[in-house]
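I have placed the structure first, in the form of structure tokens, so that the comments after it can refer back to it.
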Amino acid sequence: MPLNRSTLIRISTIDRCLQNRYRRWTINDLIDACTDALAEYEGRSNPVSRRTFQNDLALMRSDRLGYNAPIVVRDNKYYEYDDPDYSITHLPLNDEGLDALNSALDILR
85 MPLNRSTLIR ISTIDRCLQN RYRRWTINDL IDACTDALAE YEGRSNPVSR
135 RTFQNDLALM RSDRLGYNAP IVVRDNKYYE YDDPDYSITH LPLNDEGLDA
185 LNSALDILR
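Here our numbering runs 84 ahead of the position in the sequence shown, where the first position is 1.
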């Protein structure tokens with residue numbers, strides 16, 4: 085899965101949603117939020133597919149970008165961070181993270 089601006093927008097949107105502990109997020113809620121964010125930032129009107137969303141979650145949960153996000157599903161329906169203080173924006177940068185950030189900046193330029 086290529087890491088591009090759309091991927092970064094979706095991951096950032098998922099992170100922002102899951103930080104909001106006052107709302108319970110279903111897969112459809114998160115997909116809608118990602119679709120809305122892409123429409124706002126890129127002018128796209130195509131909905132985000134379930135498979136794309138699931139790939140984004142897998143990427144966030146992995147150590148590929150250094151996130152290792154503790155995303156869990158409660159009651160087989162609601163997505164949230166297992167650690168209420170977790171956010172991808174609160175992570176210290178390691179060499180891999182710095183390389184990923186530089187790659188993202190190159191894409192955005």
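For every residue, glycine included, the Cβ atom is placed at its ideal position computed from N, Cα and C. This one's a predicted model, so the numbers in the text were calculated from it and none came from an experiment.
Looking at the DSSP output, residue 191 bridges to nothing. For residue 106, there is no enclosing alpha helix (DSSP H), as DSSP marks it with neither H nor E. Distance from the CA atom of residue 122 to the CA atom of residue 95, rounded to whole angstroms, is 11 Å. In terms of Cβ geometry, residue 163 and residue 172 do not form a close pair [threshold 8 Å]. Straight through space, the alpha carbons of residue 140 and residue 93 are spaced by roughly 10 Å. Taking a C-beta distance under 8 Å as the contact criterion, residue 165 and residue 153 qualify as a contact pair. When the five nearest sequence neighbours on each side are left out, the beta carbons in the same chain lying within less than 6 Å of the beta carbon of residue 180 are those of 150, in order along the chain.
Its chain contains 152 as the residues whose beta carbon lies nearer than 8 Å to that of residue 146, once the 5 sequence neighbours on both sides are disregarded; these appear in chain order.
When the beta-carbon positions are compared, residue 110 and residue 161 come within less than 8 Å of each other. Under the DSSP definition of a beta bridge, residue 155 partners with 165.
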